[in-house]
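Residue numbers (the working numbering): 2 to 260. We put the beta carbon where it would ideally sit given N, CA and C, even for glycine.
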């Protein structure tokens, strides 16, 4: 990286360059937030979709059940009432969800700017591997986000939103509780889907080997089941398997990557 006067950049030159990158990120983040905030109805139509019985996942499961010869309409036969507990809750939740949605939308550009700042200091081999890591990390995180939105979160919401200790106590779910659970599960699934990248890194520095991962495969299955049980605190085996199988497949893929 060279300064405008064809001399090596000083610490202050690097700091000035970083300041420019951060200002561009801030400007794009503000623009993205304002744009998403203005589209309130489409934003919350997507956010609240898993809370309705006609969500695509519920309809797909019901259709599959009908094809297999058993009645799965009970999955789509539910109703959960949501309410706002405080005067400012809906406005603050609107701002929070607009921020998260805009962050996901502009994340590729943020990574591009940050990598553009760092890459001149890397060797060609380091730059090539770093590019692959950044790209695959983003792809896997987004894949985890989609799996959570279309499968994991609907299952968890369907169970927890309709679970009752007594018929005399109806469920009234706050909007804040709903959105917090959605964001938390999205983050957790996004992180879990980074397993292949983590395995690649640990393999590169010699901490794990394919033989090690194969040897402790059964232990990994137990850990995966435990994590799945924590993520989706339901009592049915189907939900546990739906969460566990993708994570286990990522573990098998990680073995191939390390090899």
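Throw me the rounded Cβ distance for the residue i and residue j pair, which I believe falls under 8 angstroms.
i, j, result
"residue 139", "residue 112", "6 angstroms"
"residue 180", "residue 94", "6 angstroms"
"residue 58", "residue 152", "6 angstroms"
"residue 26", "residue 141", "About 22 angstroms separates the two Cβ atoms, so there is no contact after all."
"residue 63", "residue 77", "5 angstroms"
"residue 230", "residue 241", "6 angstroms"
"residue 116", "residue 135", "6 angstroms"
"residue 215", "residue 256", "6 angstroms"
For a test of the three-state rule: what should DSSP assign to residue i, helix, strand or coil?
i, result
"residue 170", "coil"
"residue 82", "strand"
"residue 185", "helix"
"residue 175", "strand"
"residue 127", "helix"
"residue 217", "coil"
"residue 71", "coil"
"residue 212", "helix"
"residue 89", "coil"
"residue 150", "helix"
"residue 206", "coil"
"residue 34", "helix"
"residue 118", "helix"
"residue 240", "helix"
"residue 164", "coil"
"residue 195", "coil"
Output needed for residue i: all residues of its chain with C-beta closer than 6 angstroms, excluding positions within five of it in sequence on either side, in chain order.
i, result
"residue 157", "233"
"residue 203", "209"
"residue 51", "154, 155, 158"
Would you verify that the beta carbon of residue i is, or is not, closer than 8 angstroms to some beta carbon of chain D?
i, result
"residue 142", "Judged by its chain identifiers, the structure shown contains no chain D, having just a single protein chain."
Who are the Cβ neighbours of residue i in its own chain at under 7 angstroms, not counting the five residues just before and after it?
i, result
"residue 148", "190, 247"
"residue 44", "37, 98, 99, 102"
"residue 56", "50, 155"
"residue 145", "190, 191, 193, 194"
I'd like the list of long-range same chain contacts for residue i, defined as Cβ closer than 8 angstroms, with 5 residues on each side in sequence excluded.
i, result
"residue 258", "197, 200, 201, 204"
"residue 163", "79, 81, 172"
contact_flag[the segment 178 to 196, the segment 251 to 260] where n(CB pairs < 8 angstroms) is 3 or more: yes
Meets three-Cβ-pair contact criterion under 8 angstroms: the segment 22 to 33 and the segment 97 to 113: yes
The segment 81 to 92 touching the segment 163 to 181, judged by at least three CB pairs closer than 8 angstroms: yes
Entirely enclosed beta strand (DSSP E) segments - the segment 36 to 69, minimum 3 residues: none
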